[in-house]
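Accompanying notes for the structure given below.
Residue numbers (the numbering used here), protein chains in the order written: chain A, 469 to 644; chain B, 469 to 644.
Pasting the structure below:
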């Protein structure tokens with residue numbers, strides 16, 4: 469399973485590609501940050517995010533895209549830019565027919581560290597260990613993108629079983 | 469000046485095209501709503517918004533796109549979808565090199581009714597009068613999109629003069 473994780477943001481959009489299956493060592497294929505200039509017009513910044521995401525999709529051909537779920541309760545000054553950048557990432561994936569999954573920050577932290585309230589350093593340390601890297605990826609947005617991809621690989625089997633159970637239940641309900 | 473106004477939303481995205489110049493009667497060229505099914509996946513809904521906006525840009529070739537500025541203080545349950553739909557509209561315009569302007573709801577209300585606190589009915593009534601329509605456009609999102617376009621046509625000369633003044637000031641600052 470090859471997953472592109474996206475930690476959305478207008479100034480820095482973290483991106484990381486991880487390949488693997490649950491219970492086996494994971495492999496990092498790529499990590500980076502899509503940046504857009506803070507003094508550019510909003511529309512131009514969204515175009516730059518789109519071009520950046522498209523390049524990552526072209527180069528790595530992920531089977532899934534995992535994006536951090538944005539909450540409006542977050543920091544009011546940055547939440548709109550985050551929502552807009554995440555919309556562009558979801559749009560790019562959906563346009564290619566790549567399934568998009570959203571994971572909350574606490575789901576991601578819990579997946580890689582065991583605690584939904586872990587701090588950035590802890591997430592960075594676990595990403596480094598799980599992907600057998602020589603140092604934590606910088607900036608934190610890049611590490612968060614890798615953590616999202618890892619979270620998706622580990623949560624996907626459960627999510628798929630849940631979806632299958634729901635589908636089965638629904639079809640039984642229809643016939644019964 | 470031909471302007472496409474966009475009242476962003478995931479379930480209903482109002483769109484309206486108005487042509488004219490300040491001080492002269494305005495003409496409505498088209499009005500409608502881009503809808504996406506509430507039960508579709510978020511990525512698919514954003515793709516549907518993109519396709520809808522692209523169709524309007526193809527058909528009417530506006531010189532400007534005016535989008536309602538989204539605030540995170542608004543209704544928490546809908547603000548994320550609104551931000552995401554507005555991101556897609558801005559992206560579509562910017563990709564074609566069409567200038568995008570954002571106007572706040574109170575700027576739009578003040579422009580067409582004289583009061584920034586006018587209600588939906590008042591905005592609808594003034595849009596109907598200003599565009600010499602036989603009845604208020606339905607739903608309200610469609611009327612709001614037309615109001616955005618009218619607001620842009622009337623505010624643009626002031627905004628342009630401001631931008632020119634800023635540019636002049638900046639270039640003087642650089643040479644001085």
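Ideal Cβ positions, reconstructed from N, Cα and C, are used throughout, including at glycine.
Kindly indicate which three-state DSSP category residue i falls into: helix, strand or coil?
{"i": "residue 485(B)", "result": "strand"}
{"i": "residue 470(A)", "result": "strand"}
{"i": "residue 585(A)", "result": "coil"}
{"i": "residue 569(B)", "result": "strand"}
{"i": "residue 600(A)", "result": "coil"}
{"i": "residue 609(A)", "result": "helix"}
{"i": "residue 492(B)", "result": "coil"}
{"i": "residue 513(A)", "result": "helix"}
{"i": "residue 564(A)", "result": "coil"}
{"i": "residue 498(A)", "result": "strand"}
For residue i and residue j, what's the separation of their Cα atoms in angstroms?
{"i": "residue 510(B)", "j": "residue 560(A)", "result": "12 Å"}
{"i": "residue 546(B)", "j": "residue 547(A)", "result": "14 Å"}
{"i": "residue 599(A)", "j": "residue 536(B)", "result": "43 Å"}
{"i": "residue 563(B)", "j": "residue 515(A)", "result": "6 Å"}
{"i": "residue 483(A)", "j": "residue 501(B)", "result": "34 Å"}
{"i": "residue 519(A)", "j": "residue 556(A)", "result": "10 Å"}
{"i": "residue 605(A)", "j": "residue 615(B)", "result": "48 Å"}
{"i": "residue 643(B)", "j": "residue 633(B)", "result": "Caution is warranted here: a pLDDT of 42 is assigned to residue 643(B), below 50, making its placement in the model unreliable, and the coordinate value is therefore given only provisionally. Rounded to the nearest angstrom, the two C-alpha atoms are 15 Å apart."}
{"i": "residue 569(B)", "j": "residue 551(B)", "result": "15 Å"}
{"i": "residue 565(B)", "j": "residue 523(B)", "result": "16 Å"}
{"i": "residue 577(A)", "j": "residue 549(B)", "result": "25 Å"}
{"i": "residue 583(A)", "j": "residue 591(A)", "result": "10 Å"}
{"i": "residue 624(B)", "j": "residue 526(B)", "result": "23 Å"}
{"i": "residue 622(A)", "j": "residue 521(B)", "result": "37 Å"}
{"i": "residue 602(A)", "j": "residue 491(A)", "result": "22 Å"}
{"i": "residue 613(B)", "j": "residue 626(A)", "result": "43 Å"}
{"i": "residue 609(A)", "j": "residue 473(A)", "result": "10 Å"}
{"i": "residue 607(A)", "j": "residue 620(A)", "result": "21 Å"}
Ordered along the chain, which non-local residues of its own chain (more than five positions away) have a Cβ less than 6 Å from that of residue i?
{"i": "residue 553(A)", "result": "476, 477, 478, 481, 517"}
Whose Cβ in chain B lies nearer than 9 Å to the Cβ of residue i?
{"i": "residue 477(A)", "result": "Near residue 477(A) there are no residues of chain B at all, since even the closest Cβ is about 13 Å away, more than 9 Å."}
Output needed for residue i: all residues of its chain with C-beta closer than 8 Å, excluding positions within five of it in sequence on either side, in chain order.
{"i": "residue 470(B)", "result": "485, 486, 487, 497, 528, 529, 530, 531, 532"}
{"i": "residue 539(A)", "result": "547, 572"}
Nearest chain D C-beta to residue i closer than 8 Å, yes or no?
{"i": "residue 552(A)", "result": "Among the protein chains in the structure shown, which are A and B, there is no chain D."}
Residue i versus chain B: which residues are under 7 Å apart at the beta carbon?
{"i": "residue 512(A)", "result": "562"}
{"i": "residue 518(A)", "result": "559"}
{"i": "residue 415(A)", "result": "Nothing about residue 415(A) can be read from this structure; chain A reaches only from 469 to 644."}
List, in order along the chain, the chain B residues whose C-beta lies closer than 8 Å to that of residue i?
{"i": "residue 568(A)", "result": "509, 510, 511"}
{"i": "residue 538(A)", "result": "548"}
How would you list, in chain order, the residues of chain A whose beta-carbon sits under 8 Å from the beta-carbon of residue i?
{"i": "residue 515(B)", "result": "559, 562, 563"}
{"i": "residue 419(B)", "result": "Absent from the model: residue 419(B). The displayed extent of chain B is 469 to 644, so no value can be given."}
Can you pull the chain A residues whose beta carbon is under 9 Å from the beta carbon of residue i, in chain order?
{"i": "residue 617(B)", "result": "Those do not exist, as residue 617(B) stays about 17 Å from chain A at its closest Cβ, beyond 9 Å."}
Looking only at its chain, what residues have a beta carbon closer than 7 Å to the beta carbon of residue i, apart from the 5 residues adjacent to it on each side?
{"i": "residue 434(A)", "result": "Any question about residue 434(A) goes unanswered here, given that chain A covers just 469 to 644."}
{"i": "residue 586(B)", "result": "577"}
{"i": "residue 611(A)", "result": "591, 592, 595, 604, 605"}
Pick out the complete beta strand (DSSP E) segments inside the stretch 520-556 of chain A, 3 residues or longer, and give them in chain order. Unbroken beta strand (DSSP E) runs of no fewer than 3 residues, entirely contained in the stretch 520-556 of chain A, are found at 532-536, following chain order.
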